[in-house]
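Have a look at the structure below, then the notes.
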Amino acid sequence: MVEDRRSSRQADGLEHQQSKRSDARRNEQALLDAAATVFVRTGVDAPVRDIAAEAGVGIATIYRHFPTRADLVVAVFRHQVDALAATTPAAGESPEDTLRNWVHRFADFLVTKHGLAEALRSDQAGFESLHAEFVERLLPVLDRLLKAAATTGRTRDDIRAFDLMLGVGNLCIGADTFPGYQARRMIDLLLAGLARTD
């Protein structure tokens, strides 16, 4: 009987710990979503108070999870890669729309990637490793989306995923250089070029 009560208390304690860990993970994910939103809006140099306001938490909470800006930028980078890699079509969404939405989210991700080099300026090897990781994980996803769009007969089937990824990346670079540059408009023009004309 005593043994049963002890086992029950241990099980309750374990359940409580798992619940706390689950809550902490959810809170961290929400914080990373908020940071990604702010980075896309104003760049990776955005004040921590803006990220805290977006997430609805105190500044100390951010520093508790991510002691340095580089820690935060790398975490957002990985979070965005995970989300892009896990892409599945929304209910009722056409393959072309899934591809377009993914490419727009990829362009948002590139804002973080461009800021990552600055955040990791003393760790070139670390930056190159993260770059290689994102290409390795996201190229097959983009290839799958391109092939799915091509099966409709409305999208060209001769576009290489690497070429499209490179094209989107190059179109995003202008946002840092030219005031009023609209990367998404340019990307939509690029995507319009994927349509079959025959």
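So the sequence shown is numbered by this note's numbering: it starts at 230 and just counts up by one. Ideal placement from N, C-alpha and C gives every residue a C-beta, glycine not left out.
Report yes if the C-beta distance between residue i and residue j is below 7 Å; otherwise report no.
i	j	result
residue 379	residue 386	yes
residue 263	residue 280	yes
residue 305	residue 261	yes
residue 400	residue 412	yes
residue 398	residue 419	no
residue 388	residue 367	no
residue 283	residue 266	yes
Considering only C-alpha positions, which residue in the set the options is nearest to residue i?
i	options	result
residue 382	293, 423, 410	423
residue 370	298, 322, 332	332
residue 373	357, 314, 319, 278	314
residue 335	292, 393, 359, 296	393
residue 286	259, 323, 416	259
Short of 6 Å in beta carbon distance, which residues of its chain neighbour residue i, apart from the five on each side in sequence? Order them along the chain.
i	result
residue 337	269
residue 363	310
In chain order, what residues of the same chain have a beta carbon less than 8 Å from the beta carbon of residue i, not counting five sequence neighbours either side?
i	result
residue 344	268, 272, 273, 274, 302
residue 425	382, 383, 384, 385
residue 278	288
Please go through the same chain and pick out, in chain order, the residues whose beta-carbon is closer than 7 Å to the beta-carbon of residue i, but skip the five residues on each side of it.
i	result
residue 257	294
residue 325	378, 381, 383, 384
residue 329	420
With H, G and I counted as helix, E and B as strand and the rest as coil, what does DSSP make of residue i?
i	result
residue 275	coil
residue 377	helix
residue 266	helix
residue 290	helix
residue 384	strand
residue 421	helix
residue 321	coil
residue 296	coil
residue 361	helix
residue 407	coil
For residue i, decide whether its Cβ has a neighbour in chain C, counting only Cβ atoms nearer than 7 Å.
i	result
residue 271	Looking for chain C here will not work: only one protein chain is present.
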